[in-house]
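Down below is the structure, laid out as structure tokens.
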Amino acid sequence: MNKLIAALLLSAVIVTPVQAADRIKVGFMSTLSGPGAALGIDMRDAFNLAVKLNGGRLGGLPAEVSVVDDQQNPDVGRQTVERFTKRDRVDVITGMVFSNVLLPVMPAILESDTVYLSTNTGPEDYAGAKCNKNFFAVAWQNEDIPGAMGEVMNQRNLKNVYLIAPNYPGGRETLNGFKRFYKGKIADEVYTRMGQLDYAAEIATMRAAKPDAVFFFLPGGMGINFVKQYAAAGANKDAPLYTPGFSADEDTIKAVGEPMVGILNSSQWTLDLDNAANKKFVAEFQKEYQRLPTMYASQAYDVALLLDAAVKQVAGKVEDKDAFRKALREVKFDSTRGAFRFNKNQFPIQDYYLREVYKDSSGRITNKTVGRIFSQHQDVHAAKCTM
Amino acid sequence: MPAALIAEQLLNGLQFGLMLFLLAAGLTLVFGIMDMINLAHGSLYMIGAYIAASVIQASGSFLAGIAIAVAGTALIGVLLELSILRPLYRRSHLSQVLATFALILIANEVVRMIWGSAPIMLNTPAGLSGPVEIAGFRYPAYRLVVIVAGLAMAVFLYLLVAKTKVGMWVRAGASDRDMADVMGVNTKWLFTGVFALGAALCAVAGALLGPLLAVQVGMGENILILAFVVIVIGGIGSIRGALVGALLVGLVDTAGRTFLPLLFKQVLPQTFAAETGPAVAAVLIYVLMAAVLFFKPTGLFPARG
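Listed in order, the protein sequences are those of chains B and F. Residues in the first sequence are numbered consecutively from 1310, following my numbering. Residues in the second sequence are numbered consecutively from 205, following my numbering.
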């Protein structure tokens, strides 16, 4: 009897891979705890929403989405990737927020020939010479959004800007992107510990340097505390804050409130962007979760839309990796941010907008679109990619 | 270097140091009097912060949050002492470390189950969210309140330990536990009382720091390491040592974060200095600890000997 059971179990193990094409398995690893949790939670919710609106399917196949918290910890990330690629044998991995998790785990994903669709960070490592057929940055390259803000600060004639970012690859790339476009003087450039929550010492030093403006990149809880403490110190009267959209989106606005009003920021997506896909996304997201979506949510939602369209194009045959990747590269889909296509390095060519945090007539604080900064912009690293 | 910057950073260092003192005071008493290494001290800080955050969010009253957090955390401290820690006093430090480390893991998971894993971002009370003008520069009103509250707690602890009978028992217990026992001090209840006091101080720190940092799982571990540095510098078992050690750590850390990057920029290329300055500043307090241990191996104000 035991032998019979063992034989049955064994046959089940052998048979499973052959039947894989009857569904699509997505490994969704994101940061769901700690100071960056709000970002990952928004992505997870938006991805799940897209699948739900699609009747639980992606490209006609039933979708099996396995959600795991990476705790913003590369070690947890490595274990999860191991599980996704070796045990679960997922078709696609997606969902990471931070480059300090993504960079250490990416080699294992790429070696296993699994497609990775980046819902957020787009590090220069995979944008230039080391671009990879399995790496798709659906959101942006890390320099794009801060670069747009550098351009804005040129236009606004700001001549002496103070920069602050966390000391990790995404932080350094962000300030590099800003400096690539910004032409004025840099009052100082400060890198703080990742996850730092008290900025009293930095704010005091910043104020003593007397800059025209402060450009800060502090995603998640770091930015929430920074803006609150900056306002509490009365520093915003001397030097206004400018930021890439990450620290001026719904998660930060909800936590900080009034001091956010007036902050200019850049993004590839805005809440009031006028296209059918975005209107549906914003309405459905609000209905499902009773809150406004962030740019992070829109990015994960777009990943789901892209995946849906690509799987449909290959008629569900995702095990033919070359055809699947080709479909991902070329398929047309209606993204929430409007016109979107991949460059040769599989990073986006898209528009970037200027947003301003304002209080609408009902007293709600949110972002509105002020204008377009870059049209059909591509990142500087793409030229080095020979794919 | 403008004087306003130096004054402001002194206040920042003072504020950070006083909060560290609240944590270190409880830790040093427990360690000094009971000879007990309590790694779960940081968990009490976390629990205090969570209770305060919940009450503040539910009632809107900051003072109610602090009061209930202090009472609740002290109660949890008492229960913990009676049930788990008491049998550990006579065991080796290794057993204590293992048991209290397990308590950290349990506390983190329990908090995750009750409050979820997303951090709670508290706001400062509305009247204190802006700056106040002092001597030509603006300083956050809330941080001033934290400084005043920290100083008040320090004075209270000083009077309690130096001027009262209970304080005399505590000092006796810290300098020679067995002798105090023989002389008729009820060390059993003294230990429970000291533990409750330590837990209450944790809750005060947790509640006051909640709006400045974030109330989240694991917040206790980071600050616990600093609290240990403080009591090692100050001398284990000494409240005075904890105060001096905490202020030293607070000031050195703030000064390091402010002035080291500036110094590095004089001699190193801009981007390199920008990245290494804060990294070296983070090491500074451990250098301070090593230096103190080199010259005074038992800390600045040893309670024994």
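Don't be surprised by glycine CBs; every beta carbon is placed ideally from N, CA and C.
Check                                                                                                            : Outcome
L209 of chain F at chain B interface by Cβ criterion, 7 angstroms                                                : yes
Beta-ladder partner(s) of M1338 of chain B, from DSSP                                                            : B:V1377
Residue closest to F225 of chain F, alpha-carbon to alpha-carbon, out of F:L286, F:G402 and F:A271               : F:G402
Neighbour-count burial assignment, E1433 of chain B, 16 or more Cβ in a 10 Å radius                              : buried
Any C-beta of chain B under 7 angstroms from that of N390 of chain F                                             : no
Beta-carbon spacing of M1458 of chain B, P1553 of chain B below 7 angstroms                                      : yes
Cα-Cα separation, V1689 of chain B to R1353 of chain B                                                           : 30 angstroms
Pair within 7 angstroms by beta-carbon distance, V456 of chain F and L492 of chain F                             : yes
Neighbour-count burial assignment, V433 of chain F, 16 or more Cβ in a 10 Å radius                               : buried
C-beta neighbour in chain B for S247 of chain F, strict 7 angstroms                                              : no
C-beta neighbour in chain F for T1514 of chain B, strict 7 angstroms                                             : yes
T475 of chain F CB to nearest heavy atom of the ligand PLP below 6 angstroms                                     : This structure simply doesn't include the ligand PLP, nor any ligand for that matter.
DSSP three-state assignment for Q1655 of chain B, whether helix, strand or coil                                  : coil
Exposure label - I445 of chain F; buried when at least 16 CB within 10 Å                                         : Just to set this straight, residue 445 of chain F is Gly in the shown sequence, not Ile. Counting Cβ neighbours within 10 Å, G445 of chain F comes out buried, since at least 16 surround it.
Rounded straight-line distance, which links the Cα of Y1435 of chain B to that of Q1388 of chain B               : 22 angstroms
T1695 of chain B, enclosing beta strand (DSSP E) - first and last residue                                        : Neither: T1695 of chain B is in no beta strand (DSSP E) and is coded neither H nor E.
Per-residue burial, Y1539 of chain B [other beta carbons within 10 Å of its own, 16 or more giving buried]       : buried
Burial state of Q1328 of chain B, where buried means 16 or more other Cβ atoms lie within 10 Å                   : Caution is warranted here: a pLDDT of 43 is assigned to Q1328 of chain B, below 50, making its placement in the model unreliable, and no coordinate value can be reported.
CA nearest to the CA of P1371 of chain B, picked from B:I1333, B:V1377, B:V1399 and B:D1560                      : B:I1333
CA nearest to the CA of S1427 of chain B, picked from B:K1439, B:A1438 and B:Q1450                               : B:Q1450
Close beta carbons around F1594 of chain B, own chain, < 7 angstroms, minus the five adjacent residues each side : A1355, L1358, P1602 and A1606
Beta bridge counterpart(s) of P1553 of chain B as assigned by DSSP                                               : B:S1575
Residue ranges of each beta strand (DSSP E) within the stretch 331-399 of chain F, 3 or longer                   : 335-338 and 341-344
From F:L412, F:L243, F:V350 and F:Q470, residue whose alpha carbon lies closest to that of L289 of chain F       : F:L243
With 16 other Cβ atoms within 10 Å as the buried cut-off, status of F499 of chain F                              : exposed
Range of the contiguous beta strand (DSSP E) that encloses E1498 of chain B                                      : K1494 to T1501
Of the listed residues B:D1507, B:R1465, B:E1373 and B:A1513, nearest to K1492 of chain B (C-alpha basis)        : B:R1465
Residue(s) in a DSSP beta bridge with P1294 of chain B                                                           : This structure cannot settle anything about residue 1294 of chain B, because the visible part of chain B is limited to 1310 through 1696.
Bounding residues of the beta strand (DSSP E) (the contiguous stretch that carries L417 of chain F)              : That residue, L417 of chain F, is in no beta strand (DSSP E); it is neither H nor E in DSSP.
Residue of B:E1498, B:D1547 and B:K1621 minimising C-alpha distance to G481 of chain F                           : B:E1498
Range of the contiguous alpha helix (DSSP H) that encloses A262 of chain F                                       : H245 to S263
Q1687 of chain B - DSSP class collapsed to helix/strand/coil                                                     : coil
C-alpha gap between L162 of chain F and M1503 of chain B, whole angstroms                                        : Here chain F comprises residues numbered 205 to 509, so residue 162 of chain F is not present and cannot be evaluated.
Nearest neighbour of A1544 of chain B, chosen from B:R1489, B:P1383, B:K1519 and B:L1614 [CA to CA]              : B:K1519
Cutoff 7 angstroms: S321 of chain F Cβ touching any chain B Cβ                                                   : yes
Counterpart residues of I435 of chain F in DSSP-defined beta bridges                                             : I435 of chain F is not bridged to any residue.
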